[in-house]
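Take a look at the structure below.
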Amino acid sequence: MKIVCFGDSLTRGVTFRNERFKILKSNYPAMLQELLNNNESLLSGSEAHVLNKGAFNDNSNSLLARLEKDVVAEQPAIVIIGIGGNDCNFLWEEVADHPDDTHQAIVPLDRYRKNISSIVTHVKQHGITPIILTLPPLDPVRYYENIIQRFSSRVSNWICKAGGIEHWHGQYNRSVTEVAAESGVLKIDVRSALRQAGDLVSLVSADGIHLTAEGYKVLGTEIYHNISSILANDDSQSIPLF
1 MKIVCFGDSL
11 TRGVTFRNER
21 FKILKSNYPA
31 MLQELLNNNE
41 SLLSGSEAHV
51 LNKGAFNDNS
61 NSLLARLEKD
71 VVAEQPAIVI
81 IGIGGNDCNF
91 LWEEVADHPD
101 DTHQAIVPLD
111 RYRKNISSIV
121 THVKQHGITP
131 IILTLPPLDP
141 VRYYENIIQR
151 FSSRVSNWIC
161 KAGGIEHWHG
171 QYNRSVTEVA
181 AESGVLKIDV
191 RSALRQAGDL
201 VSLVSADGIH
211 LTAEGYKVLG
221 TEIYHNISSI
231 LANDDSQSIP
241 LF
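In the UniProt record's numbering, the protein residues as written are 1 to 242.
So this is what it looks like as structure tokens:
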């Protein structure tokens, strides 16, 4: 069975440590492949091939642009879609330069919603089963501190007027959840899984947005449990094992 993990740096496995970004080998696609292949009965003798198609700084616009090359051309049985953290971000240099102006997210909410719907519709047309991930939680305090450190305190009042970091991040999470429900596709609530797993300080890295190795372990385990439940279900025959 081929599975494509399609998303941004959280799919790629990026963490932030010692003031540097680093790609962890223990990212969730690598964990998913190992866990699936260790469960010999699950795939009826088949082998799981999990492709990591995560890219740093990607948003739903760029996912849509590379959908044919990185998903459809691979002809997977399943595509796991995890995107949104960069969509709801802002051009902070512009905010710092013009803190009294109105600023839009990099991908506005309505466009984000349309992009996710388009991705889901397109892969379904090619016989690929889409699965949507909720947005992993931020550590809003450290994310805020990181923004202030990089772009000065001039963005502080603007953030408050815009409703706060968790507010706009939550809007995008609710939107992708609604798209999953409206499209009738499986949603894996990794947001809740990470929040329930323990202190976000140990699960989210110092920049407040990328996960630690421990956080990726929670992410990979939650995705594996959901995927294995699908494959073990009687309806799993609708998913081709190739």
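From the three backbone atoms N, C-alpha and C, an ideal C-beta is built for every residue, glycine too.
Setting aside the 5 residues that flank it on each side, V72 is surrounded in the same chain by H122, V123, H126 and I128, each with a C-beta closer than 8 Å to its C-beta; the list follows chain order. The beta carbon of L194 lies closer than 6 Å to those of P136, P137, L203 and V218 in the same chain, with the five residues before and after it left out. Judged by DSSP secondary structure, I188 falls within the beta strand (DSSP E) whose first and last residues are L186 to I188.
In this structure, the CA atom of I131 is about 39 Å from the CA atom of H98. When the Cα atoms are used, A232 and Q196 turn out to be separated by approximately 25 Å. For T102, the number of other beta carbons within 10 angstroms of its own is below 16, and it is reported as exposed. H225 has no beta-bridge partner at all, per DSSP.
When C-alpha distances from Q75 are compared across M1, A96 and L32, the shortest belongs to M1.
In this structure, I80 and S60 do not form a Cβ contact; the two beta carbons are roughly 15 Å apart against a cut-off of 8 Å.
If you draw a straight line from the Cα of R66 to the Cα of S156, it is about 35 Å long. According to DSSP, residue pairing for T102 in a beta bridge does not occur. For T15, the pairing in a beta bridge is given by DSSP as K22. Nearest Cα to F90 within the set T134, D70, Y143 and A55: Y143. Judged by DSSP in its simplified three-state form, V141 adopts helix. As a beta-bridge residue in DSSP terms, C5 pairs with N52 and I80. Within its own chain, the residues whose Cβ lies closer than 6 Å to the Cβ of A48, once the five positions on either side in sequence are excluded, are M1, Q33, L36 and N37, listed in chain order. Counting C-beta pairs with one atom in each stretch, the segment 41-55 and the segment 2-9 have three or more that are closer than 8 Å, which means they touch. Residue environment: G45 is assigned as exposed (fewer than 16 neighbouring CB atoms within 10 Å of its CB, all protein chains considered). As computed with DSSP, I131 is found in a beta bridge with I80 and L186.
CA-CA distance, L64 to A180, rounds to 17 Å. For L133 against V190, the beta-carbon gap comes to about 5 Å, under 8 Å, which counts as contact.
L211 sits in a strand when the DSSP states are folded into three classes.
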